Amino acid sequence: MREASTELLVGLDAASNVTDLLLERHAANPAHALYRRKGPNGWVDVPAGKFLQDVSALAKGLIAGGLEPGDTVAVMSATSYEWTLVDFAIWFAGGVTVPIYETSSASQVDWILQDAGARRVFVQDQATADLVTGVVAGSSTLRDRLVNVIRMDYDGEAPHLASVAAAGAGVSDAELERQRSRAGLDDVASLVYTSGTTGNPKGCEITHGNFALVARNIVAFLPEVLGQGQSRTLMFLPLAHVLARAVQVICLSAGATLGHTPGAAQLLEDLGTFRPTFLLVVPRIFEKVRATAAHKAAVAGKGRLFQAAAAAAIAYSTEQDRKNRGAGSGPGFVLRVRHGLFDRLLYPRLRQALGGQVGYTVSGASHLSLEDAHFFRGAGIPVLEGYGLTETTAPCTANTPTRTRVGSVGIPIPGTTIRVAQDGEILVKGIGVFKGYHNNPQANAEAFVDGFFRTGDLGELDSDGFLTVTGRKKDILVTAGGKNVAPGPLEDAIRAHQLVGHAVVVGDGRKYVSALITLDPEGLANWRSEHGKQPLERQAAVTDAEVLAAVQEAVDQANLMVSKAESIRRFALLDTEFTMESGHLTPSLKLKRSAVVRDFDAEVAKLYA
1 MREASTELLV GLDAASNVTD LLLERHAANP AHALYRRKGP NGWVDVPAGK
51 FLQDVSALAK GLIAGGLEPG DTVAVMSATS YEWTLVDFAI WFAGGVTVPI
101 YETSSASQVD WILQDAGARR VFVQDQATAD LVTGVVAGSS TLRDRLVNVI
151 RMDYDGEAPH LASVAAAGAG VSDAELERQR SRAGLDDVAS LVYTSGTTGN
201 PKGCEITHGN FALVARNIVA FLPEVLGQGQ SRTLMFLPLA HVLARAVQVI
251 CLSAGATLGH TPGAAQLLED LGTFRPTFLL VVPRIFEKVR ATAAHKAAVA
301 GKGRLFQAAA AAAIAYSTEQ DRKNRGAGSG PGFVLRVRHG LFDRLLYPRL
351 RQALGGQVGY TVSGASHLSL EDAHFFRGAG IPVLEGYGLT ETTAPCTANT
401 PTRTRVGSVG IPIPGTTIRV AQDGEILVKG IGVFKGYHNN PQANAEAFVD
451 GFFRTGDLGE LDSDGFLTVT GRKKDILVTA GGKNVAPGPL EDAIRAHQLV
501 GHAVVVGDGR KYVSALITLD PEGLANWRSE HGKQPLERQA AVTDAEVLAA
551 VQEAVDQANL MVSKAESIRR FALLDTEFTM ESGHLTPSLK LKRSAVVRDF
601 DAEVAKLYA
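Letter 341 of the sequence shown, counting from 1, is numbered 341 in the UniProt record's numbering, and no numbers are missing.
Written as structure tokens, this is what we have:
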């Protein structure tokens with residue numbers, strides 16, 4: 001059993017709560033732009049004074065409407081400034097925020113509203129309002145309990161939110177302060193439901209202390225990223241995800257200016273105008289940016305040049321990492337010259353795709369491939385990979401600019417201890433660990449051991465305290481021959497191919513290992529174009545001999561990483577995509593492995609026929 005800890009850097013008064021971070025930021029400089037919201041004529045600053053004024057007015061409206069301290073209020077919306085405004089207004093009114101992904105189904109909404117006991121729901125638009133009112137109409141419990149559904153639409157103003165705020169005109173500042181200050185660090189600030197890779201989502205009780213202590217300590221832990229006074233970032237991850245919420249509170253604590261964009265579809269365009277200095281990114285975005293850059297180079301007849309630049313970036317970063325580990329002297333003269341040439345000719349274009357001013361990127365939510373981490377770092381876009389779960393208020397480990405080990409998820413954040421149990425499971429104790437699962441004593445009893453939260457992930461700690469996540473306990477396959485197979489590394493290697501969208505390794509209880517593979521539509525189109533071939537629909541591509549041969553090469557390359565007993569013997573190309581809408585990806589783009597195996601059981605059976 002191995003253990004690593006980092007001492008707490010910043011403590012807080014037990015009687016304080018997350019709203020005090022906003023009051024402190026306002027007191028420091030009410031004119032400072034805490035947020036930027038996108039309007040028809042570009043980005044408009046929202047100073048701390050204006051934000052506090054709007055939050056207070058909306059909170060008074062909630063109080064006038066009968067919200068009592070501890071009441072749960074749901075928010076179902078894509079990422080937006082209004083989401084943030086509503087979140088803080090709920091906290092100022094003494095309420096508990098319950099995020100719901102805007103992509104959630106009616107049954108998921110029904111489950112969360114009932115389990116959380118919410119009596120109010122903020123929604124992004126009329127379509128979402130119709131979904132929620134339909135859910136309420138179909139449930140006698142919700143019909144009797146739910147008070148109202150409030151839209152958050154913005155078209156120069158948010159009229160529905162303005163109406164709520166207007167209703168609070170008679171609520172005094174003293175009453176607002178009484179409700180705002182009632183919660184302490186140990187009180188629940190948010191019920192965040194797990195994304196539910198299996199079964200019904202569980203409500204994680206995230207406290208004011210979890211949010212506030214993580215925020216204050218991360219700011220102190222990453223001063224190069226957050227402590228420059230001019231830091232700014234663009235949030236595109238769903239605010240229903242705890243990582244996005246945690247980063248939002250971290251930005252408030254740091255005084256970093258935050259903008260919002262509703263999703264990955266508009267991200268690249270908005271990056272060009274917002275120009276963030278750091279960016280929170282999920283691995284799939286890194287994959288897409290690299291693939292797009294490679295395709296543009298190929299179309300321009302510079303495919304070989306791009307591949308050479310990519311190889312130089314990866315080699316340069318690898319040698320830097322070996323030096324940091326004490327295993328080398330760093331990049332040699334020839335590599336430095338080659339890297340310097342590409343740093344003038346090609347890498348700036350890649351940096352420009354992220355807005356041109358990104359000094360650091362933070363990767364979370366799922367595993368980032370080692371090659372992509374080295375590629376972006378070598379191209380001048382340092383990647384700080386971290387690790388966490390909903391139950392740890394997101395980050396519990398992270399790499400820092402001065403302590404980075406590529407391939408790891410870093411060292412424990414301040415106030416956190418990481419332990420790796422005898423069976424390899426990662427255990428966590430610290431400032432971010434949640435209070436417990438809502439209304440679920442059985443799950444709580446199973447979730448902790450010796451005061452540590454059991455993550456269900458497998459990992460390794462090195463002698464310097466760096467954690468490497470090696471897999472998920474429940475994902476480990478055991479073949480009929482008794483061989484344990486970790487599917488993650490094989491899947492990552494296959495997914496690195498341009499043609500591949502997702503790969504799911506199967507073989508639990510079987511004689512050998514196989515895989516279900518989907519094609520990436522954009523990657524397929526680009527691959528066909530680069531090889532001088534006519535476009536091909538996915539349904540036809542899954543039986544195309546050349547496509548099958550290319551995917552087989554990707555599988556063969558992945559198999560070089562493992563023993564023969566662990567290697568993939570057969571695979572099936574599926575004529576579909578894994579998406580959130582299909583039920584095979586979580587909103588944070590994690591694969592719902594059990595859903596895939598269940599829905600494609602016939603295809604799995606054919607692999608073993």
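Where a beta carbon is used, it is the ideal one built from N, C-alpha and C, also for glycine. Quick caveat: nothing in here was measured; it's all calculated off a predicted structure.
Three or more Cβ pairs drawn from the segment 542 to 555 and the segment 490 to 508 lie within less than 8 Å of each other, which places the two stretches in contact. Judged by their CB atoms, Ala-212 and Leu-268 are not nearer to each other than the 8 Å cut-off. For His-208, the uninterrupted alpha helix (DSSP H) run begins and ends at 208 to 221, by DSSP.
Judged by beta-carbon spacing, Ala-89 lies within the 8 Å limit of Val-55, meaning their Cβ atoms are closer than that value. Thr-84 places its beta carbon 8 Å or farther from that of Ala-118. Sequence-distant partners of Arg-143 (beyond 5 residues in either direction) whose C-beta falls short of 8 Å from its own C-beta, in its chain, are Val-136 and Ala-137.
Cβ-Cβ separation between Ala-293 and Phe-274: approximately 20 Å, too far for a contact (criterion under 8 Å).
In the three-state scheme derived from DSSP, where H, G and I count as helix and E and B as strand, Phe-452 is classed as strand. In the three-state DSSP reduction, Asn-148 falls in the strand class (E or B). In the three-state scheme derived from DSSP, where H, G and I count as helix and E and B as strand, Ala-515 is classed as strand. Within a 10 Å sphere around the beta-carbon of Glu-546 sit fewer than 16 other beta-carbons, which makes this residue exposed.
Arg-325 carries a coil assignment under DSSP once its states are collapsed to helix, strand and coil.
The segment 478 to 537 is shown to contain whole alpha helix (DSSP H) runs of 4 or more residues at 487 to 495 and 521 to 530, in chain order. Annotation for Thr-292: the continuous alpha helix (DSSP H) segment containing it runs 283 to 299. The segment 322 to 339 and the segment 245 to 259 do not touch, with fewer than 3 CB-CB distances between them shorter than 8 Å. Counting of Cβ neighbours within 10 angstroms places Pro-99 among the buried residues, the total reaching 16 or more. Relative to Ile-494, the option among Lys-435, Asn-439, Phe-571 and Lys-592 whose CA is nearest is Phe-571. If the five residues before and after Gly-481 are omitted, its C-beta is found closer than 8 Å to the C-beta atoms of Lys-511 and Ala-565, all from its own chain and listed in chain order.
For Ile-568, the enclosing beta strand (DSSP E) begins and ends at 568 to 574. Taken atom to atom, the span from the alpha-carbon of Cys-251 to that of Leu-226 is near 8 Å. Around the Cβ of Asp-475, a 10 Å sphere holds 16 or more other Cβ atoms; the residue is buried. Counting other Cβ atoms within 10 Å of its Cβ, Lys-533 stays below 16 and is therefore classed as exposed. For Ser-56, the enclosing alpha helix (DSSP H) covers residues 48 to 64.
Contact between the segment 73 to 80 and the segment 45 to 59 is absent, with fewer than three C-beta pairs closer than 8 Å.
Rounded to the nearest whole angstrom, the C-alpha separation of Pro-69 and Ala-106 is 28 Å.
If you draw a straight line from the Cα of Asn-399 to the Cα of Val-420, it is about 18 Å long. If you check the CB distance, Ala-167 and Gly-65 come in under 8 Å. Closest by C-alpha distance to Ala-300, out of Tyr-35, Ser-529, Val-433 and Leu-67, is Ser-529. Cβ-Cβ distances below 6 Å link Ser-567 to Asn-559 in the same chain, with the five nearest sequence neighbours on each side left out; the list follows chain order. Nearest to Phe-434 by C-alpha distance, out of Glu-391, Ala-312, Leu-279 and Ala-315, is Glu-391.
Around the beta carbon of Arg-290, 16 or more other beta carbons sit within 10 angstroms, so the residue counts as buried. According to DSSP, Gly-42 shares a beta bridge with Gly-39. Counting only residues of its own chain and dropping the five nearest sequence neighbours on each side, Asn-440 has a CB closer than 7 Å to the CB of Lys-202. Cα atoms of Leu-477 and Asp-575: separation of roughly 25 Å, rounded to the nearest angstrom.
Take the alpha-carbon of Ser-317 and the one of Gly-359: they are about 16 Å apart. The DSSP-derived three-state label of Phe-122 is strand.
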